[in-house]
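Participant:
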Amino acid sequence: MAREQFEESDAFVTEICWHYYVNEMTQAEIARLLNVTRLRVNQAIQRAKSLGFVKIHIESPFLPRIEIQEKLKSALGLKRAIVSPSNEANYDYHRSVGAALAELLTERLATGDWTSLGVSWGLTLDSAIRKLSRQSHPNFEVVSILGGTAKGSTLNSFGIASGFANVLGAQYSVLTAPIYLSEGIDRDIFLSQYALKEHFAKFASLDAVLLTCSNVSEKSFLVEHGLPQGMTPEALIDAGAIGDVLGQFLDREGRPVSAQVDGRAVGMPLEQVIDIPEKIMAAAGPHKVEIIKAACQRGLVDTLVTDDTTARLLLEASETQAAKTGGDEL
Numbered sequence: 001m002a003r004e005q006f007e008e009s010d011a012f013v014t015e016i017c018w019h020y021y022v023n024e025m026t027q028a029e030i031a032r033l034l035n036v037t038r039l040r041v042n043q044a045i046q047r048a049k050s051l052g053f054v055k056i057h058i059e060s061p062f063l064p065r066i067e068i069q070e071k072l073k074s075a076l077g078l079k080r081a082i083v084s085p086s087n088e089a090n091y092d093y094h095r096s097v098g099a100a101l102a103e104l105l106t107e108r109l110a111t112g113d114w115t116s117l118g119v120s121w122g123l124t125l126d127s128a129i130r131k132l133s134r135q136s137h138p139n140f141e142v143v144s145i146l147g148g149t150a151k152g153s154t155l156n157s158f159g160i161a162s163g164f165a166n167v168l169g170a171q172y173s174v175l176t177a178p179i180y181l182s183e184g185i186d187r188d189i190f191l192s193q194y195a196l197k198e199h200f201a202k203f204a205s206l207d208a209v210l211l212t213c214s215n216v217s218e219k220s221f222l223v224e225h226g227l228p229q230g231m232t233p234e235a236l237i238d239a240g241a242i243g244d245v246l247g248q249f250l251d252r253e254g255r256p257v258s259a260q261v262d263g264r265a266v267g268m269p270l271e272q273v274i275d276i277p278e279k280i281m282a283a284a285g286p287h288k289v290e291i292i293k294a295a296c297q298r299g300l301v302d303t304l305v306t307d308d309t310t311a312r313l314l315l316e317a318s319e320t321q322a323a324k325t326g327g328d329e330l
C-alpha cells in the first residue's frame, strides 16, 4: 500500500533528497523505490529547498556555461549550443560530450518530433550510446549515413546504428558498404544496386542527422585506418584540408578540397546534409576547433554539442578571425 499521500516529515524529505542529489536517482526511480507518486517526490524536493535543507550554488558551474553557449550560438551562427563540463585534469574529449549528447537525444525523442535519425560513427557517438538509458521507440528508425572500415567494429557504421537502436528500442538500417570505394569502381553504378539505392533513398526523409568530425592527423580514426589507398594525410593537407565530415574533406572556409576523395566516399553527400531539418554535431578537442568552425560555416550544423575546453578555443578562434577581418578592411 502506498505511503500516506501527504506525508511530509523531515525524515521523509531528507530521504528523498539523499536519493535525488547524492545517489543521482530520477524522481520516477525514487517514487518507485519509496512507493509514492512522482508528484510527492517533486513536492518533497521543493519543500527541502524552501526549508533550507538543500542549497544549490550555481554561480560557478552554471551561469558561465549559459553565457558561453549564447556566445557560441552568435559566433558560429547556431540555433543551439550545448556545452558540457570537461575534466581538465584528465581530459577526454569523448566522454563528457557523449553524456551531453545522450541527454539531448532523450529530450528530442520525448517530443515525438522525429521518426528517423541519420547517424555517422565514432568514439563520441559510442560514448553517447553508453550513457543513454533504455527507451522504447518501436516506430523510430536509426539510419547509418556513412560506410565503414574494416577496423573499429564497435564504433563503426554497424556498431553505432545498431547500438543506438538497441538502447532506444528502435529499428535500424545499416549502410553495408566501405567508406571509400576502390580506385576504378564507378560510384554511380555501385550505388545503383537495389539495397544501396533503397538505403540512400532514406536520406531524403530524415528528420535529423547526427554528425562527428575530425582533423587530418593521427588523432583521426579515419585518417589512421580508412583513407583510400594511395591517399596520404600530407596530400590532403597540401590541398588545404583541415578535417572531414562524413569522410569528405574541407578547408577552413568549409569548401571541399578533394574531388578524388569525395567521389569515392560512400555516404550522405554534404549538400544533402544541409537540407536536413535538424543537424547535430557532437565534437570536442583542441584538434577539432578548425573543422568544427568550417562545418558550421558550411551550414552543416544547427546544434553543436561540445565541451567547455573546446568552446573557449572556438570563441578565441572566432574573435581572432573577426579582429583579422576588421584589420584587413582598414
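In my numbering, the protein residues as written are 1 to 330.
Quick reminder that beta carbons are idealized off the backbone N, C-alpha and C, glycines included.
On a predicted model such as this, the values are computed, not experimentally measured, just so you know.
Taking only three categories from DSSP, how would you classify Arg-255?
Facilitator: coil
Participant: Look at Ala-334 and Leu-105 and say whether their C-beta atoms are less than 8 angstroms apart.
Facilitator: The chain is shown from 1 up to 330; residue 334 falls before or after that span and cannot be answered.
Participant: Tell me whether the beta-carbon of Leu-72 lies closer than 8 angstroms to the beta-carbon of Leu-315.
Facilitator: yes
Participant: Taking the beta carbon of Phe-62 as the centre, do at least 16 other beta carbons fall within 10 Å, making it buried, or is it exposed?
Facilitator: A caution first: Phe-62 carries a pLDDT of 46, below 50, which makes its placement in the model unreliable, though a value can still be read off. Exposed, by the Cβ-count rule.
Participant: Exposed or buried, what is Asp-244 when buried is set at 16 or more other beta-carbons lying within 10 Å of its beta-carbon?
Facilitator: buried
Participant: Give me the Cα-Cα distance between Ala-283 and Asp-10, rounded to the nearest whole angstrom.
Facilitator: 44 angstroms
Participant: Which residues in the same chain have their Cβ closer than 6 angstroms to the Cβ of Ser-318, if we skip the five residues on either side of it in sequence?
Facilitator: Ala-75
Participant: Write down every uninterrupted run of the beta strand (DSSP E) in the segment 30–55 whose length is 3 residues or greater and which is fully enclosed by it, in chain order.
Facilitator: none
Participant: For the segment 235–297, which segments carrying the beta strand (DSSP E) assignment without a break, of at least 3 residues, lie completely within its bounds, in sequence order?
Facilitator: Runs found: 243–245, 248–250 and 278–282.
Participant: To which residues of the same chain is Ser-60 closer than 8 angstroms at the C-beta, ignoring the five residues directly before and after it?
Facilitator: Confidence in Ser-60 is poor, its pLDDT being 41 and thus under 50, which makes the residue's placement unreliable; the coordinate value appears in the next sentence. So no residue of the chain qualifies.
Participant: Check whether the Cβ atoms of Leu-222 and Ser-214 lie closer than 8 angstroms to each other.
Facilitator: yes
Participant: So Gly-230 packs on Tyr-180, CB below 8 angstroms; how close in whole Å?
Facilitator: About 11 angstroms separates the Cβ atoms of Gly-230 and Tyr-180, ruling out a contact at the 8 angstroms cut-off.
Participant: Ignoring anything shorter than 4 residues or poking outside the segment 85–159, list the alpha helix (DSSP H) runs there in chain order.
Facilitator: 95–111 and 123–131
Participant: May I ask you to report which of helix, strand or coil DSSP gives Gln-171?
Facilitator: Three-state DSSP puts Gln-171 in a strand.
Participant: Have a look at Thr-306, Ile-66, Gly-163 and Ala-48 and flag the residue whose alpha-carbon is nearest the alpha-carbon of Pro-286.
Facilitator: Thr-306
Participant: Skipping 5 residues on each side, what residues in its chain have a beta carbon closer than 8 angstroms to that of Thr-303?
Facilitator: Leu-78, Lys-79, Arg-80, Ala-81, Ile-82, Leu-104, Glu-278, Lys-279, Ile-280 and Met-281
Participant: Just verifying my parser: in three-state terms, what is the DSSP assignment at Pro-233?
Facilitator: helix
Participant: When burial is assigned at 16 or more other CB atoms within 10 Å of the CB, is Ser-144 buried or exposed?
Facilitator: buried
Participant: Once DSSP output is grouped into helix, strand and coil, what is the label at Ala-81?
Facilitator: strand
Participant: Give the single residue among Thr-124, Ile-45, Val-97 and Ser-136 whose Cα lies nearest to the Cα of Leu-109.
Facilitator: Per the C-alpha coordinates, the member of Thr-124, Ile-45, Val-97 and Ser-136 positioned closest to Leu-109 is Ser-136.
Participant: What does DSSP give as the partner residue(s) for Ala-208 in the beta ladder?
Facilitator: Leu-117 and Glu-278
Participant: Going by alpha carbons, who is nearest to Val-301 out of Asp-262, Gly-254, Gly-263 and Val-266?
Facilitator: Gly-254
Participant: Grab the span of the beta strand (DSSP E) containing Asp-307 for me, first residue to last.
Facilitator: For Asp-307, the uninterrupted beta strand (DSSP E) segment begins and ends at 303–307.
Participant: Would you tell me roughly how many angstroms separate the C-alpha atoms of Tyr-91 and Thr-309, rounded to the nearest one?
Facilitator: C-alpha separation (whole angstroms): 9 angstroms.
Participant: Count Cβ pairs between the segment 41–48 and the segment 264–273 that sit closer than 8 angstroms; are there 3 or more?
Facilitator: no
Participant: Excluding the 5 residues flanking Ala-311 on each side, which residues of the same chain have their C-beta closer than 7 angstroms to its C-beta?
Facilitator: Ile-68, Leu-72 and Val-83
Participant: Distance, Cα to Cα, Leu-211 vs Phe-158?
Facilitator: 15 angstroms
Participant: Considering only the alpha carbon of each residue, which of Val-142, Arg-95, Met-25 and Val-13 lies closest to Leu-51?
Facilitator: Val-13
Participant: Report the three-state DSSP secondary structure of Ser-220 (helix, strand or coil).
Facilitator: coil
Participant: Run the CB neighbour count on Thr-124, radius 10 Å, all protein chains shown included, and call it buried at 16 or more, exposed below.
Facilitator: buried
Participant: What does a CB cutoff of less than 8 angstroms around Gln-272 pick up in its chain, not counting 5 residues either side in sequence?
Facilitator: Phe-203 and Ala-204
Participant: Kindly indicate the opening and closing residues of the alpha helix (DSSP H) around Thr-14.
Facilitator: 10–17
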